[in-house]
Amino acid sequence: MFIKEYISDVYKAVKSLLTGMKTTGGYFIRPGEIITQQYPENRDQLNLPERFRGEVVMLHDENNEHACTGCTACELACPNATIKIITKFDVSPEGKKKKALDTFVYHLELCTMCNLCVEACPTGAITMAQNFEHSVFDRSKLTKKLNQPGSKIREGVE
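In UniProt numbering, the protein residues as written are 1 to 158.
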């Protein structure tokens, strides 16, 4: 009984191995058929899916203006504290204090690319870019400041 099951298991394993080897052998015999993409050489032809999530970026227009109000909705939505919003108070010409974005800190090394921050943003100030080459030797280079130097909030965004 035991030997019969053992021989049956060995037969199934060999059959499975030969099925896989048949597929591999077929690709070996037909070398004209390209199976793999040669990554570093094909960067210009790389075609990533539209829904690919690489990293969070803040959108700026040609006037270096963004739509981030500093509401911290993205920070609250982030499951592992990848985003840190540092705000300041600006005084309007009428003399009213208004909360504004000072620094948008993004810790790429902690990000799970879940897109919850983008979904939570009420003004659409951030989005997921298709950047995927994040290899660095120094981990501190993975902490990014997303708002550009000298940028300000776009008129009409509240």
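Ideal placement from N, C-alpha and C gives every residue a C-beta, glycine not left out.
Spatial neighbours of residue i within its chain, please: CB distance less than 8 Å, with the 5 preceding and 5 following residues excluded, ordered by chain position.
i      : result
Asp102 : Gly70, Ile86, Thr87 and Lys88
Thr112 : Pro79, Asn80 and Thr82
Lys98  : Phe89, Asp90, Val91 and Ser92
Asp9   : none
Leu21  : For the sequence presented, residue 21 should be read as Met rather than Leu. Closer than 8 Å at the Cβ level, and outside the excluded window around Met21, lies no residue.
Given residue i, which residues of its chain have a CB within under 7 Å of its CB, disregarding the five upstream and five downstream residues?
i      : result
Glu52  : Looking at the sequence itself, residue 52 is Phe, so the reference to Glu does not match. Correct list, in chain order: Gln130.
Arg139 : Glu109
Val157 : Ala67, Thr69 and Thr123
His60  : His66, Gln148 and Ser151
Ala125 : Met58, Leu59, His66, Ala67 and Cys68
DSSP puts residue i in a beta bridge; with which residues?
i      : result
Val57  : Thr127
Lys84  : Val105
Ala100 : Lys88
His66  : Ile153
What distance in whole Å lies between the Cβ atoms of residue j and residue i, which are believed to be in contact at a cut-off of 8 Å?
i           : j      : result
Tyr106      : Val56  : 6 Å
residue 161 : Gly54  : Outside the shown range of the chain, which is 1 to 158, sits residue 161, and nothing can be said about it.
Lys145      : Phe104 : 7 Å
Within the continuous beta strand (DSSP E) that includes residue i, where are the two ends?
i      : result
Lys144 : Thr143 to Lys145
When the Cα atoms are used, what is the spatial distance from residue i to residue j?
i      : j      : result
Met58  : Thr127 : 7 Å
Glu65  : Gln38  : 39 Å
Phe28  : Leu17  : 16 Å
Lys96  : Glu119 : 30 Å
Phe137 : Thr143 : 13 Å
Asn115 : Ile153 : 23 Å
Ala77  : Cys117 : 6 Å
Glu75  : Thr24  : 48 Å
Arg30  : Lys4   : 39 Å
Pro40  : Leu46  : 10 Å
For the alpha helix (DSSP H) containing residue i, list its first residue and its last residue.
i      : result
Val10  : Phe2 to Ile29
Leu116 : Leu116 to Ala120
Leu76  : Ala73 to Ala77
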